[in-house]
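Colleague:
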Amino acid sequence: MKKSKKLLKHALGISVLLGLSSASFADIVMNSAGKGVSSAQSWSAEDASRLLDGDVSPKGSTSVTTTLRQAGSPSSTAAQSYSQVYDTNNYNSQPSVDARAALVMDAQTGEVLYSKNVNAALPMASITKLMTAVVTADAQLNMSENITLQQIDFAGAGGKNSSSTLKVGDTMNRAEMLLVALMKSENPAAAALARTYPGGRAAFVSAMNAKARQLGMNSTHYTESTGLDPRNVASARDLGILVSSAYQYGLIRQFSTTAQYDFDLGYRVLKSNNTNALVRNGGWNINISKTGYINEAGRCVAMHTTVNSRPAVVVLMGASTSQARTNDATNLLNWVSRLPKRI
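Following our numbering, the numbering of the sequence shown begins with 65 at its first residue and continues without gaps.
(1) Assign Leu72 to one of two classes, buried (16 or more other C-beta atoms within 10 Å of its C-beta) or exposed (fewer than that).
(2) Assign Arg164 to one of three DSSP states: helix, strand, or coil.
(3) Around the Cβ of Ser309, are there at least 16 other Cβ atoms within 10 angstroms (buried) or fewer (exposed)?
(4) Comparing alpha-carbon positions, which option in Leu292, Ala171, Ile316 lies nearest Val378?
(5) With DSSP run on the structure shown, which of helix, strand or coil describes Asn153?
(6) Per the DSSP calculation, Gln324 is bridged to which residue(s)?
(7) Quick check on the DSSP output: what are the complete alpha helix (DSSP H) runs of length 4 or more inside the segment 187-249, in order along the chain?
(8) Put Thr390 into one of helix, strand or coil per three-state DSSP.
(9) Taking the alpha-carbon positions, what's the Ala226 to Cys364 distance?
(10) Residues in the same chain with beta-carbon distance under 6 Å from Asp302, minus the five sequence neighbours each way, listed in chain order, please.
(11) Verify whether the separation of the beta carbon atoms of Ala163 and Ala341 is less than 9 Å.
(12) Going by DSSP, which residues form a beta bridge with Ile92?
(13) Taking buried to mean at least 16 other C-beta atoms within 10 Å of its own C-beta, is Thr229 buried or exposed?
(14) May I have the straight-line CA-CA distance separating Tyr331 from Arg317, to the nearest angstrom?
(15) On the CB-based measure, 16 or more other CB atoms within 10 Å of its CB, does Glu288 come out buried or exposed?
(16) Measuring only the C-alpha atoms, how far is Lys193 from Ala245?
(17) Taking DSSP's pairing of strands, which residues face Gly362 in a bridge?
(18) On the DSSP bridge list, what partners appear for Met381?
(19) Going by alpha carbons, who is nearest to Val333 out of Thr235, Met188, Ala201, Val176?
(20) Taking the C-alpha atoms as reference points, what is the distance between Asp202 and His368?
(21) Can you tell me whether DSSP reads Ser373 as helix, strand or coil?
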């Protein structure tokens, strides 16, 4: 299992667009990215793949399921020189976006490349599930333990019903529950992960908020694990920090970017696709992905990508439609790919 590499801090060549009183946004991102590394080592992408392949021992067979797409690994980023300095003085023709809030951030330095309304605390919908995954991974629970969905897992939150292709009585191991929650955004799976956490849902939500505070996500508050409740709020800035931290977990990288997977439930096979069209289409190197939607939040997405050898975090909140969200993301990624750089 590869050891996570300690990220280095960088002095910024220009002032960061986001002002913070005690520490720069870049420092917070770089510090938060190193949190939870020991937990990330507990369940790597390879371990999780073996669990889904039927080998329940993390130290067992080295076979990797061919169904899961291998996401980008830290080694691809580490291969770049950390002394590389990007030319940030020529950001002409910045794209306009439909989304209510947007952030593009250099994932190496924490430098903000593009920002729109980044400090506003807004409903984040199912991007909540990224924190659900982080808290689950931090707990170092048995990922091969079977979890059976109960009626309460379908109760929804915030007055909303939990629409799902899953059914009461469906059983998966914890790894599969996390996979279906991240790639297909299944709310009952995220609810079951919280229910089966030591101390139950209340303890799980408490851990979510504690992790947010630890990471410096100052505008963030969680009330439940699915994102159905509009009282789950965060700023685009905070979600940039969360994506940077989630990138350190091998299983979150792999599960959130799995394009498709067939879940064998015993009495039926549940064919599932990723909710992010950019992941399904495979045209971009996306290392972390989570979409979200409720009426109050609009269409949202948070991603870690590698564009033209530059690792970048992209966050969009409050796009009007799924197509507008995809168009915004594509326009921003294309724009990042054209940014000049110098060594």
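No residue lacks a Cβ here, since even glycine has one placed at the ideal position from N, Cα and C. As the structure is a prediction and not an experimental result, all values here were calculated from the model.
Modeller: On the basis of the data shown:
(1) Because the pLDDT at Leu72 is just 23, under 50, the model does not fix this residue reliably, and the point stays unresolved.
(2) Arg164: coil per DSSP, three-state reduction.
(3) Looking at its Cβ environment, which holds 16 or more other Cβ atoms inside 10 Å, Ser309 is buried.
(4) The candidate whose alpha carbon is nearest that of Val378 is Ala171.
(5) Residue confidence for Asn153 is low, a pLDDT of 43 falling below 50, so the modelled location carries little weight and cannot support an answer.
(6) Asn337
(7) DSSP runs (the alpha helix (DSSP H)) wholly in the segment 187-249: 192-202, 238-247.
(8) helix
(9) Note on identity: in this sequence residue 226 is Ser, with Ala being the wrong assignment. Taking the straight line joining both Cα atoms gives about 18 Å.
(10) In chain order, Met281, Ser283, Thr284 place their CB closer than 6 Å to the CB of Asp302, counting only its own chain and leaving out the 5 sequence neighbours on each side.
(11) No, these two residues do not count as a Cβ contact at 9 Å.
(12) Its beta-bridge partners do not exist; DSSP assigns none.
(13) exposed
(14) 29 Å
(15) buried
(16) 7 Å
(17) Ile358
(18) Ala165
(19) Thr235
(20) 20 Å
(21) coil
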